[in-house]
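Be aware that the sequence shown starts at 874, since it is given in this note's numbering, and climbs by one per residue.
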Amino acid sequence: MKPWRDYVLGDMIARYIKDDQSSTVGLILLPNTMASEVRHKYEMVDSLVQIKLLGDAYPSGFAHGHSMRNSGTLDKLEFQDQHVIEGKDRKTIISTWNSPDSYKVEHHFIWYTDYNAIESYVVIRNKGERPITVEMLSSFSLTGITPFAEDDASDTVVLHRVLSSWSAEGRLMSNTLAELNLEPAWAPFGNRCLRFGQVGSMPVREFFPTAFLEDTRAGVTWGVQIAHPASWQIELGRRDHALYLSGGLADREFGHWYKTIGIEESFQSPSAFLTTVAGDVDCAAERLTAIQNRPLAQLPAVENDLPIIFNDYCTTWGSPSASNLYAIAEQLKGKGIQYLVIDCGWYKSDTSNWFNSMGDWEVSRSDFPNGLEETVEHIRKCGLIPGIWFEMEVCGEASTAFHNTEHLLKRDGFPITVGRRRFWDFRDPYVIEYLREKVIQFMKQHRFGYLKVDYNDSLGIGCDGSESLGEGLRSQMQAVQDFFRLIKKEIPDIVIENCASGGHRLEPSMLAITSMSSFSDAHECEEIPIIAANLHRVILPRQSQIWAVLRKQDSLQRLVYSLSSTMLGRMCLSGDIHELSHEQWKVVEQAIKFYKDVAPIIKEGTTRRYGSTITRYRKPEGWQAIMRTSNDHHQLLVVIHTFDGALAPTITLPLQNDLHYEITSTFSEQHVEAHINDESLTIRLHEPFSAACLQLSALKLEI
874 MKPWRDYVLG DMIARYIKDD QSSTVGLILL PNTMASEVRH KYEMVDSLVQ
924 IKLLGDAYPS GFAHGHSMRN SGTLDKLEFQ DQHVIEGKDR KTIISTWNSP
974 DSYKVEHHFI WYTDYNAIES YVVIRNKGER PITVEMLSSF SLTGITPFAE
1024 DDASDTVVLH RVLSSWSAEG RLMSNTLAEL NLEPAWAPFG NRCLRFGQVG
1074 SMPVREFFPT AFLEDTRAGV TWGVQIAHPA SWQIELGRRD HALYLSGGLA
1124 DREFGHWYKT IGIEESFQSP SAFLTTVAGD VDCAAERLTA IQNRPLAQLP
1174 AVENDLPIIF NDYCTTWGSP SASNLYAIAE QLKGKGIQYL VIDCGWYKSD
1224 TSNWFNSMGD WEVSRSDFPN GLEETVEHIR KCGLIPGIWF EMEVCGEAST
1274 AFHNTEHLLK RDGFPITVGR RRFWDFRDPY VIEYLREKVI QFMKQHRFGY
1324 LKVDYNDSLG IGCDGSESLG EGLRSQMQAV QDFFRLIKKE IPDIVIENCA
1374 SGGHRLEPSM LAITSMSSFS DAHECEEIPI IAANLHRVIL PRQSQIWAVL
1424 RKQDSLQRLV YSLSSTMLGR MCLSGDIHEL SHEQWKVVEQ AIKFYKDVAP
1474 IIKEGTTRRY GSTITRYRKP EGWQAIMRTS NDHHQLLVVI HTFDGALAPT
1524 ITLPLQNDLH YEITSTFSEQ HVEAHINDES LTIRLHEPFS AACLQLSALK
1574 LEI
């Protein structure tokens, strides 16, 4: 098949290919520097839109039950046209198909001129005389991967997936096509595919909604990230020698989803973001995370300098009170910390703990006998912005709300009960008004400037109230996000932290409506810097809030190790701040100063990781170095951690920007043994589980 139309989108080419007999249209994405290297070996065109309607034939080739792509629905679609809309900051390519049943399918492909990633989504418009029911709808579908290989590339193409589990987010899992059993068969009769994703309201629980395909021989990588807070899927497979990569909403087979679209109604899929680059997986990841900056222009001005957070959780362990918060605020006064967040437990009853009490949201009279007003006012008098914790989507069994089942989510008519939690139905106007009073008016009354929204379990396959459980889940999560937007509308300057047992909601649509996110629930673990570094591939460091829990028994080496981890994102402190020695506090203050110096590099820059391959997070061995470079290349932040096992005598990191640098500031336990020559930085650390941070600045050379 020959190219039909090419569009230059920055440093990428969107190449549309067309089957003249069937009028099927497919999409290939290329780095424009590699266009001359393409080998045209497409045996068939894989459709750009992937959709399955109820009643149409399921796919053949042994696919039924593990793929819904290339169903009989596609046979009924007739390609209509393609047009381009040029905007001030974007170019949109819209491809349209018609069906005999008078519905239209539109694929939107949007390139934003300041970014090296493309937004993709599909819209279905029902112009017919009867409702239609959709069982599968992909947001994107690429074909012709890899166009640079003469063969099937089974040993040279690698699928990179980003794993996630509680307190172990972001591990990269890499497999060749051969390892995934995705070599082509001896004859083209069977569809070979791998479908993976996540089901439930924690979209980052097993995998991040992200995938990368790397052609290691050609040196080209494709990347995708789905923006969706509920069930999603990505599918990789082949029908011939070329691969396809598609995904979006989890379909009926995988995510229990189907959706009925009424007459004159339309439905839009979640957005996915795509890129390709002549480079490795980290180059592609950098381009996908960069586009997450787009919605952040609307953040409150207080966030401009990436202020430091203190969270009381690892100090009070779910038992904040007027007395201990008074002491915390006094201790933090003048320390350079902006936010003091009152975490869980401020509402707990005398007979239950914080984990089972949420839902009624009444201030604990035993812990705050005069209410919260005095405590919040004192926090402000100490020069801090007060923050408050809510897990507003759930009710604990010790609350009255737990029994208000008329307004809670149900499955098969029964309230969805997970452990000791139930879930509000955010599609219910009663719930919105209830939480407007309990959350929004409460925050207005107390003048909170910071809101931490936690979420500690999943809805699973979905809920009643829509035509399918999966659609119930999707509509519930859309309503939840609408409530986040309502909070921001009514309290425009509020800073919102996105937390879901740490990192279970680190996906683009949640990141877009919040200021920052909890990177993990790893509070005091040795693997914190590993997790924090992992997340540079999937979220912006400026939005990644990293814990440093300070303990009175910590050695200075341990304090530096913990505090250095926060230089990989947003600094969040907690712990035994009242009991630290003068010497320990001096280390903390040095870390705060260094963090403020390098915050502009954390906010805007690019990341490269160097070091050992770390297989065991709980007992890590080797070393890790993160080098973050400012956008103008004039500033470098280097964060190094050593782990257990034999240490390399020296750590040497390349300096690749053709500039001459000097070390302008450091943060470490002792003097850092570091040297720079024209091409590299050499550092020596003598102990396991030690750390050092360096700031390098480009020299201004005299001409």
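Where is the CB? At the ideal position from N, CA and C, for every residue including glycine.
Quick caveat, the model's predicted, so the values are computed rather than measured.
| Query | Result |
| --- | --- |
| In the DSSP assignment, find the beta strand (DSSP E) that holds G1345 and state where it starts and stops. | Here G1345 belongs to no beta strand (DSSP E); instead the alpha helix (DSSP H) covers L1342 to E1363. |
| So is T1555 buried or exposed if we call it buried at 16+ other beta carbons inside 10 Å? | exposed |
| Taking the straight line between their C-alpha atoms, what separation do you get for E1399 and F1392? | 15 Å |
| Classify Y1117 as helix, strand or coil using the three-state DSSP reduction. | strand |
| I need the straight-line Cα distance from H1451 to A1145, nearest angstrom please. | 47 Å |
| So the candidates are L1453, F1467 and V918; which of them puts its Cα closest to the Cα of I1201? | L1453 |
| In terms of residue numbering, what span does the alpha helix (DSSP H) encompassing V1545 cover? | Segment: none, V1545 is in no alpha helix (DSSP H) and carries neither H nor E. |
| Please state whether DSSP places E1560 in a helix, a strand or coil. | coil |
| To the nearest angstrom, report how far apart N1177 and T1387 are at their CA atoms. | 14 Å |
| Alpha carbon to alpha carbon, how far is I1576 from P1020? | Caution applies to I1576, whose pLDDT of 49 falls short of 50 and renders its modelled position unreliable; the model cannot decide the point. |
| DSSP state of P1527, grouped into three classes? | strand |
| At what residues does the alpha helix (DSSP H) containing S1196 begin and finish? | A1195 to L1205 |
| Enumerate in chain order the residues of its own chain whose CB-to-CB distance from A1022 is below 6 Å, with the five nearest sequence positions on each side excluded. | none |
| Looking only at C-alpha atoms, which of S1011, P1288, L1053 and P1102 sits nearest to L1346? | P1102 |
| Compute the Euclidean distance between the alpha carbons of P1173 and R1415, then round it to the nearest angstrom. | 14 Å |
| Inspect the CB distances between the region 1432 to 1445 and the region 1179 to 1199 and report whether three or more fall short of 8 Å. | yes |
| If you follow the beta strand (DSSP E) that H956 is part of, which residue opens it and which one closes it? | E951 to E959 |
| So I1369 and F1357 are in contact, right, with Cβ under 8 Å, and what is the actual spacing, rounded? | 7 Å |
| Please state whether the Cβ-Cβ distance between Q1508 and I1549 is less than 7 Å. | no |
| What is the residue span of the beta strand (DSSP E) that L926 lies within? | I924 to L926 |
| The beta strand (DSSP E) that contains S1139, what's its start and end? | S1139 to Q1141 |
| Considering T969, what are the terminal residues of the beta strand (DSSP E) in which it resides? | R963 to N971 |
| Check whether the Cβ of G1338 sits closer than 6 Å to any heavy atom of the ligand GDP, and report yes or no. | For the structure depicted, the ligand GDP is absent and the ligand set is empty, with no information on it obtainable. |
| What does a CB cutoff of less than 7 Å around L1053 pick up in its chain, not counting 5 residues either side in sequence? | L1032 and L1067 |
| Going by DSSP, name the residue or residues bridged to V1030. | D1088 |
| Taking Y1483 as the reference, which of K1492, I1419 and I1403 has the closest Cα? | I1403 |
| Would you mind stating whether G1121 and S1011 have Cβ atoms separated by less than 7 Å? | yes |
| Nearest to T1523 by alpha carbon, out of H1533, Q1497 and L1532? | Q1497 |
| With DSSP as the reference, label I1210 as helix, strand or coil. | coil |
| Assuming F1080 contacts R1034 (C-beta within less than 8 Å), just tell me the rounded distance between them. | 6 Å |
| With DSSP run on the structure shown, which of helix, strand or coil describes Q1508? | strand |
| Please classify V957 as buried or exposed, where buried requires at least 16 neighbouring CB atoms within 10 angstroms. | exposed |
| Figure out for me which residue from A1163, P1365, G1096 and I1136 has the closest Cα to the Cα of D987. | A1163 |
| Near E1056, what residues of its chain come up, given a Cβ to Cβ distance below 7 Å and the 5 sequence neighbours on each side ignored? | D1025, S1027 and L1050 |
| Taking one C-beta from the region 921 to 930 and one from the region 968 to 982 each time, how about it: are there three or more such pairs within less than 8 Å? | yes |
| Let me know the alpha helix (DSSP H) ranges lying completely inside the region 1365 to 1442, each 4 residues or longer, listed in chain order. | 1381 to 1384, 1401 to 1407 and 1429 to 1438 |
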